[in-house]
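Chemist: All residue numbers for the sequence shown refer to the UniProt record's numbering, where the first residue is 1 and numbers rise by one. The structure under discussion is supplied below as structure tokens; questions concerning it will follow.
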Amino acid sequence: MDIRYASHPNEVKGFDTSRLREEILIESLFRPGEVTLTYSHVDRFIAGGVLPTGGTIKLEADQKEMGAEHFLDRREIGIINIGGRGTATVDGTAYDMETKDCLYVGRGAKEVAFASADTSSPAKLYFNSCPAHQTYPTVKAVISEANPRHLGSLTNSNERTIYQYIHENGIRSCQLVMGLTMLKPGNMWNTMPCHTHNRRSEVYFYFDMPEDGVVFHLMGEPRETRHVVVRNEQSIISPSWSIHSGVGTSNYTFIWGMAGENQAFDDMDMVAMKDLK
Numbered sequence: 001m002d003i004r005y006a007s008h009p010n011e012v013k014g015f016d017t018s019r020l021r022e023e024i025l026i027e028s029l030f031r032p033g034e035v036t037l038t039y040s041h042v043d044r045f046i047a048g049g050v051l052p053t054g055g056t057i058k059l060e061a062d063q064k065e066m067g068a069e070h071f072l073d074r075r076e077i078g079i080i081n082i083g084g085r086g087t088a089t090v091d092g093t094a095y096d097m098e099t100k101d102c103l104y105v106g107r108g109a110k111e112v113a114f115a116s117a118d119t120s121s122p123a124k125l126y127f128n129s130c131p132a133h134q135t136y137p138t139v140k141a142v143i144s145e146a147n148p149r150h151l152g153s154l155t156n157s158n159e160r161t162i163y164q165y166i167h168e169n170g171i172r173s174c175q176l177v178m179g180l181t182m183l184k185p186g187n188m189w190n191t192m193p194c195h196t197h198n199r200r201s202e203v204y205f206y207f208d209m210p211e212d213g214v215v216f217h218l219m220g221e222p223r224e225t226r227h228v229v230v231r232n233e234q235s236i237i238s239p240s241w242s243i244h245s246g247v248g249t250s251n252y253t254f255i256w257g258m259a260g261e262n263q264a265f266d267d268m269d270m271v272a273m274k275d276l277k
């Protein structure tokens, strides 16, 4: 398990490119036959991925870092498949996972395991997890069952659809909010005009990008912005005090997950374009 600590905005102002990437960029999420875990001390958020290329792979707790026998003893988790068909098995019940299917698993599940239906086209299961103090039932949703929100315009190069899976009016959770955003062809900007929400942190996972494509992910305080170059299937830990926006070399898709004080998707502190520096 990779451990990341919280950084004060005044400290981040002095980071060079390498240090900034070390702090907030998760470069490798899918390793054949493994589960990868990155533990952020920002809202005790865990982001990870699993690439089943052989048999079944179990999600197990890092007992030293988590102090728990099972991964979900005191946590909940949201899982979205971005690869080939696979399964997620929760305490003996198997859930088929096609691409862009989402599975929420509540606190208290003892055993979670993953497998691919065809190892020549394996599943790629990306997940977010945060502490939970109440148990909600395990629920699966396909993308057609998510709540779609159509935002932006081609004129502003940000026409996109936000698919909400785990949220206050969808799959219920203790604090996790999760979904994905798909930009339409010819559109490159996400979340611009930008915002902050100091009550919640957020983790972005970028995918569906060409091999030579990049996203310039913007972060930092509105008057002290920075950027990080992100490539396909990489994640960014976005602190609650930071803006989170980005522009790509082509359209792309990203999964967003949030944890913090509330689950209100529209609870944002908008930043006027004239105030960005």
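No residue lacks a Cβ here, since even glycine has one placed at the ideal position from N, Cα and C. Predicted model, so just to flag it, every value in this text is computed and none were measured.
1. Hey, could you find the ends of the alpha helix (DSSP H) residue 87 is sitting in?
2. For residue 153 and residue 161, what's the separation of their Cα atoms in angstroms?
3. On the CB-based measure, 16 or more other CB atoms within 10 Å of its CB, does residue 122 come out buried or exposed?
4. So residue 62 and residue 1 are in contact, right, with Cβ under 8 Å, and what is the actual spacing, rounded?
5. Excluding sequence positions up to five away, which residues of its chain have a Cβ less than 7 Å from the Cβ of residue 246?
6. Is there at least one non-hydrogen atom of the ligand FMN closer than 8 Å to the beta-carbon of residue 162?
7. To the nearest angstrom, report how far apart residue 119 and residue 222 are at their CA atoms.
8. Who pairs with residue 259 in a beta bridge, going by DSSP?
9. Please check the pair residue 179 and residue 146, which I expect to be a contact at CB under 8 Å, by giving their CB distance rounded to whole angstroms.
10. Contact defined as beta carbons within less than 8 Å: I believe residue 344 pairs with residue 166. What is the distance between those atoms, to the nearest angstrom?
11. Looking at residue 140 and residue 204, is the spacing between their C-beta atoms short of 9 Å?
12. Quick one: measure Cβ to Cβ for residue 136 and residue 174, integer angstroms, because I've assumed they're closer than 8 Å.
13. Tell me residue 97's beta-bridge partners as DSSP assigns them.
Modeler: So, from the listed chains and residues:
1. Position 87 of the sequence shown, counted from the start, is the residue given in the question as residue 87. In the DSSP annotation of this structure, residue 87 is not part of any alpha helix (DSSP H); the continuous beta strand (DSSP E) holding it starts and ends at 86-90.
2. The residue labelled residue 153 in the question sits at position 153 within the sequence shown. The residue labelled residue 161 in the question sits at position 161 within the sequence shown. Residue 153 and residue 161: Cα-Cα distance of roughly 11 Å.
3. Looking up residue 122 in the sequence shown gives position 122. By the neighbour-count rule (16 or more Cβ atoms within 10 Å), residue 122 is buried.
4. Residue mapping note: residue 62 aligns to position 62 of the sequence shown, counting from 1. Residue mapping note: residue 1 aligns to position 1 of the sequence shown, counting from 1. For residue 62 against residue 1, the beta-carbon gap comes to about 4 Å, under 8 Å, which counts as contact.
5. Within the sequence shown, the letter at position 246 stands for residue 246. 190, 215, 216, 217, 218, listed in sequence order.
6. Questions concerning the ligand FMN fall outside what the structure shown contains, since it holds no ligand whatsoever.
7. Locating residue 119 in the sequence shown gives position 119, counting from the first residue. Locating residue 222 in the sequence shown gives position 222, counting from the first residue. When rounded, the distance between both Cα atoms is 45 Å.
8. Indexing the sequence shown from 1 puts residue 259 at position 259. According to DSSP, which records beta bridges pairwise, residue 259 is partnered with 201.
9. Translated into the one-based positions of the sequence shown, residue 179 becomes position 179. Translated into the one-based positions of the sequence shown, residue 146 becomes position 146. Going by Cβ atoms, the distance from residue 179 to residue 146 rounds to 6 Å, so yes, they are a contact pair.
10. The first residue shown for the chain is 1 and the last is 277, placing residue 344 beyond what the model contains.
11. Position 204 of the sequence shown, counted from the first residue, corresponds to residue 204. Position 140 of the sequence shown, counted from the first residue, corresponds to residue 140. Going by C-beta atoms, residue 204 is not nearer than 9 Å to residue 140.
12. Reading the sequence shown from its first residue, position 136 is the one you call residue 136. Reading the sequence shown from its first residue, position 174 is the one you call residue 174. Confirmed, about 7 Å.
13. One-based indexing of the sequence shown puts residue 97 at position 97. DSSP lists 86 as the beta-bridge partner residues of residue 97.
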